[in-house]
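Working notes, structure below.
Chains as they are written, first to last, in the working numbering: chain A, 3 to 177; chain B, 3 to 177.
Take a look at the structure:
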């Protein structure tokens with residue numbers, strides 16, 4: 003096991019700047035490209051991350067600390083971001099994500115979690131019992147996964163343009 | 003086809019800041035973790051990117067413009083970065099990459115490539131004939147692929163720590 007709360011906060015605190023550096027001010031074609039139907043564009047990834055800040059990580063942390071396994075988490079709505087995401091510019095979503103993340107990490111630090119608190123268990127509505135430590139580790143991995151998704155979706159815009167280099171791993175199997 | 007030289011330069015110019023935001027100042031465990039034998043750690047990805055700036059993208063661009071298909075590119079040495087990478091700190095590699103990338107993009111812009119120049123062909127030692135446009139599109143995809151690799155390698159540090167969330171796509175198949 004490798005989890006370290008301090009390092010996790012450090013990594014989580016960087017994600018808004020990483021995405022802002024990657025995406026800020028890019029032409030619309032790069033922000034709205036996607037890999038296929040039902041998948042997220044970079045713009046929608048931002049909406050999904052904003053929605054996670056609002057409804058997932060810190061709310062679930064509080065449920066674990068307040069109610070333990072007796073109160074299952076609200077199921078996360080994978081499409082809950084859609085309504086507000088289409089009405090926001092990319093710059094607005096980047097700002098909103100940065101503000102929410104910053105407030106949530108302050109809230110997390112204010113909880114002063116020790117190893118005993120990280121061992122506390124909650125009830126995921128489909129995965130079953132989980133610890134607070136597992137929830138927070140998943141927050142980090144979730145961020146990193148969506149950064150990987152954003153750059154992969156962007157790379158695929160040039161799938162044909164690379165010619166014989168189309169065997170590059172990130173472009174996925176030839177189609 | 004989606005390639006646009008101006009947009010490619012825009013994306014290429016951001017990679018050093020993206021990697022610096024992701025990695026700058028992180029504990030050594032995050033910089034030197036890897037997915038398996040023979041794969042790159044985040045630190046080695048930086049070394050590989052530095053080596054690409056020195057030997058791959060702009061040198062090959064010049065070969066295409068000066069000699070066309072008559073002079074095949076030097077084969078790229080996938081291990082050519084190893085000797086200097088072990089002697090450099092991560093901060094040094096981040097600085098070196100940023101400086102080389104900046105100089106290379108200036109050199110690229112100074113060439114004032116038009117569509118006709120982008121159509122020019124060179125000879126890849128194993129892939130065969132390629133156009134300058136394909137080379138430059140591959141530079142962009144190569145950057146994005148290695149950003150994805152860095153965050154994937156980082157995410158896998160927490161593969162066990164996430165508990166029941168280990169089905170998350172970026173963690174890969176269960177082991």
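Each residue gets a CB set at the ideal place from its N, CA and C atoms; glycine is no exception.
Helix or strand or just coil, what does DSSP make of residue i?
| i | result |
| --- | --- |
| residue 177 of chain A | Note that residue 177 of chain A scores 46 on pLDDT, short of 50, meaning its location in the model is unreliable; the coordinates nonetheless yield the value given after this. The answer is coil: DSSP assigns residue 177 of chain A none of H, G, I, E or B. |
| residue 34 of chain A | coil |
| residue 118 of chain B | helix |
| residue 125 of chain A | strand |
| residue 133 of chain A | strand |
| residue 83 of chain B | coil |
| residue 25 of chain B | helix |
| residue 61 of chain A | helix |
| residue 1 of chain B | The first residue shown for chain B is 3 and the last is 177, placing residue 1 of chain B beyond what the model contains. |
| residue 99 of chain A | helix |
| residue 72 of chain A | helix |
| residue 78 of chain A | coil |
| residue 171 of chain A | helix |
| residue 159 of chain B | coil |
| residue 5 of chain A | coil |
| residue 53 of chain A | helix |
| residue 40 of chain A | coil |
| residue 142 of chain B | helix |
| residue 152 of chain A | helix |
| residue 113 of chain A | coil |
| residue 20 of chain A | helix |
| residue 47 of chain B | helix |
Among the residues of its own chain, which have a CB less than 8 Å from the CB of residue i, if the five just before and after it don't count?
| i | result |
| --- | --- |
| residue 109 of chain A | 60 |
| residue 152 of chain A | 21, 24, 25, 44, 47 |
| residue 10 of chain B | 138, 139, 141, 142 |
| residue 35 of chain B | 43, 44, 155, 156, 158, 159 |
| residue 13 of chain B | 142, 145, 146 |
| residue 107 of chain A | 11, 14, 15 |
| residue 134 of chain B | 63, 66, 67, 115, 119, 120, 121, 122, 123, 124 |
| residue 90 of chain B | 49, 98 |
| residue 164 of chain B | 170, 173 |
| residue 111 of chain B | 11 |
| residue 32 of chain B | 25, 44, 156, 159 |
| residue 113 of chain A | 63, 67, 119 |
| residue 80 of chain B | 50 |
Below 9 Å on C-beta distance, what does residue i contact in chain B?
| i | result |
| --- | --- |
| residue 170 of chain A | 140, 143, 144, 147 |
| residue 130 of chain A | 166 |
| residue 154 of chain A | 146, 147, 150 |
Can you give me the Cβ contacts of residue i inside the same chain, cut-off strictly under 7 Å, excluding the 5 residues immediately before and after it?
| i | result |
| --- | --- |
| residue 177 of chain B | Because residue 177 of chain B sits at a pLDDT of 46, beneath the cut-off of 50, its placement in the model cannot be relied upon, and the point is left open. |
| residue 56 of chain A | 102 |
| residue 70 of chain A | 122, 123, 124 |
| residue 52 of chain A | 83, 95, 98, 99, 102 |
With a CB to CB cut of under 6 Å and the five nearest residues on each side skipped, what residues in its chain are close to residue i?
| i | result |
| --- | --- |
| residue 171 of chain A | none |
| residue 148 of chain A | 47 |
| residue 78 of chain B | 58 |
| residue 17 of chain B | 145 |
| residue 5 of chain B | 135, 139 |
| residue 1 of chain B | Residue 1 of chain B lies beyond the stretch modelled for chain B, which goes from 3 to 177, so this question has no answer here. |
Using a C-beta to C-beta distance shorter than 7 Å, which residues of chain B count as neighbours of residue i?
| i | result |
| --- | --- |
| residue 5 of chain A | 160, 163 |
| residue 30 of chain A | Correct list: empty, because the minimum Cβ distance to chain B is about 11 Å. |
| residue 16 of chain A | 23, 24 |
I think residue i touches residue j, with their Cβ atoms under 8 Å apart; what is that distance to the nearest whole Å?
| i | j | result |
| --- | --- | --- |
| residue 155 of chain A | residue 37 of chain A | 6 Å |
| residue 166 of chain B | residue 136 of chain A | 7 Å |
| residue 127 of chain B | residue 74 of chain B | 5 Å |
| residue 93 of chain B | residue 150 of chain A | Their Cβ separation, rounded to whole angstroms, is 24 Å, which puts residue 93 of chain B and residue 150 of chain A out of contact at 8 Å. |
| residue 3 of chain B | residue 162 of chain A | 6 Å |
What does residue i touch in chain B if you count any residue whose Cβ is under 8 Å from its own?
| i | result |
| --- | --- |
| residue 126 of chain A | 166 |
For residue i, return the contacting residues in chain A, with the cut-off set at a CB-CB distance below 8 Å.
| i | result |
| --- | --- |
| residue 20 of chain B | 20, 23, 24 |
| residue 136 of chain B | 163, 164, 165, 166, 167 |
Residues of chain A with CB closer than 7 Å to the CB of residue i, please, in chain order.
| i | result |
| --- | --- |
| residue 157 of chain B | 143, 146, 147 |
| residue 133 of chain B | 165 |
For the ligand GDP, is there any heavy atom lying closer than 8 Å to the beta carbon of residue i?
| i | result |
| --- | --- |
| residue 93 of chain A | Inclusion of the ligand GDP in the displayed structure is not the case, the ligand content being empty and no account of it being possible. |
Please compile the residues from chain A whose C-beta is within a distance smaller than 9 Å of the C-beta of residue i.
| i | result |
| --- | --- |
| residue 9 of chain B | 28, 29, 31, 32 |
| residue 173 of chain B | 143, 147 |
Should residue i be flagged as near chain C, meaning a C-beta pair shorter than 9 Å?
| i | result |
| --- | --- |
| residue 66 of chain B | Note that chain C does not occur in the displayed structure, where the protein chains are A and B. |
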